[in-house]
Amino acid sequence: MTALSSVPPAHPAVAGPPARFRDLLASEWIKMRSLRSTPWTIALTVLFVLGSAAVAATTDSTAESSPTEFLPFDAYPPAGYWTLMLVASCVGALTVVSEYSSGLIHTTTVAVPARGSVVLAKAAVTAAVWTAVGTITSTGSFLVSQAVLSTRHAGVVLTHPGVVRALVASAVLAPVCALVGLGLGVVLRHAAATMVTSVFVLLMLPTMFSESNRWSADIKHTLVSSAWKRLVETWEPGPDSLAYTATVPGSWLVYVLWPLVAVVLAVFVVRRRDV
386 MTALSSVPPA
396 HPAVAGPPAR
406 FRDLLASEWI
416 KMRSLRSTPW
426 TIALTVLFVL
436 GSAAVAATTD
446 STAESSPTEF
456 LPFDAYPPAG
466 YWTLMLVASC
476 VGALTVVSEY
486 SSGLIHTTTV
496 AVPARGSVVL
506 AKAAVTAAVW
516 TAVGTITSTG
526 SFLVSQAVLS
536 TRHAGVVLTH
546 PGVVRALVAS
556 AVLAPVCALV
566 GLGLGVVLRH
576 AAATMVTSVF
586 VLLMLPTMFS
596 ESNRWSADIK
606 HTLVSSAWKR
616 LVETWEPGPD
626 SLAYTATVPG
636 SWLVYVLWPL
646 VAVVLAVFVV
656 RRRDV
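Residues 386 to 660 in my numbering are what the sequence shown lists, from first letter to last.
Pasting the structure below:
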């Protein structure tokens, strides 16, 4: 008679402690800084924006005629800040899309089943990085432009009326666009589609509407680039103006709602949809 060999009882797998949110933040920070393209992209973008401010201030023929006025589009030229919007939104989108294209998102969701927390961690790191970039860029643009204008006795100091609002609006523009790109990346999950949509929504769509009609102006004023333009402007519309001008509080509200809606939508989608 053959004796049955005893089989040791199987021990249940011991689950590790759930990932804390600060662990997710550390993980997302490592992912971002480990990409070689990230610091180079940020550095080149900052240099381009500062260079555009220097060129705008140098070529402004009206600077000497109003030496006591703050010239906002010398400090914050549209060409430079449209480029900043484009780069910030694309890099924000790539923080998500790159994981989908490489398949790393499957590993991430297995390690952290709380997908909403992962998206929030990505959003927090993205917002922090691009807030720092935006602050450096905005402050640098002001300093560079005023250094150039000072040689023509047209520079102003930081405490000049309108400067602080324009500086803050230009600094916050970068994280706003980065979070919009991140939200679109979660929803679309495709690099080309996300970038094209970001360019269209942030840069091209505002050009399709004018401020001469009320309905068109109302739509235009809800877009990010239009809000930035209004916040940078230091003048109020004249009494004879036929255009419908956005309000300053309304423009700040646009800054708040776009990234908030983008992140909330991203969390909702990632919880409802399979990876």
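Even for Gly, the Cβ is constructed at its ideal location relative to N, Cα and C.
Excluding the 5 residues preceding and the 5 following residue i in the sequence, name in chain order all residues of the same chain whose CB lies nearer than 8 Å to its CB.
i    : result
V641 : none
G477 : T511, W515, C562, A563, L564, V565, G566, L567, G570
For residue i, does the three-state DSSP call read helix, strand or coil?
i    : result
P462 : coil
S391 : Its pLDDT being 49, under 50, S391 is placed unreliably by the model, and nothing is read from it.
P457 : helix
H491 : helix
W620 : coil
V633 : helix
Which residue's Cα is closest to the Cα of residue i: the options?
i    : options                : result
F585 : S610, W620, V431       : S610
V639 : A576, A554, R658, T536 : A554
T652 : V571, S483, W425       : The amino acid at residue 652 is misidentified as Thr; the sequence shows Val. When only C-alpha atoms are compared, the closest one is V571.
I521 : P644, V434, V646, A411 : V434
W613 : W637, G519, A512       : W637
M470 : I490, L645, P560       : P560
W515 : A563, P644, V440, T426 : A563
T447 : P463, P498, V518, H538 : H538
G547 : A438, S535, F527       : F527
What's the gap between the Cα of residue i and the Cα of residue j?
i    : j    : result
L429 : R418 : 16 Å
D459 : R599 : 30 Å
I604 : L456 : 27 Å
H396 : T492 : Model confidence at H396 stands at a pLDDT of 45, short of 50, so the residue's coordinates are unreliable; what they give is reported in the following sentence. The alpha-carbon atoms of H396 and T492 are separated by roughly 25 Å.
A496 : G436 : 44 Å
M580 : V565 : 11 Å
Short of 7 Å in beta carbon distance, which residues of its chain neighbour residue i, apart from the five on each side in sequence? Order them along the chain.
i    : result
R656 : R500, G501
T582 : L569, L573
L410 : A506, A509, V510
Cutting at 6 Å between CB atoms, please list the residues of its own chain near residue i, excluding the five before and the five after it.
i    : result
A441 : D459, P462
Q531 : G540
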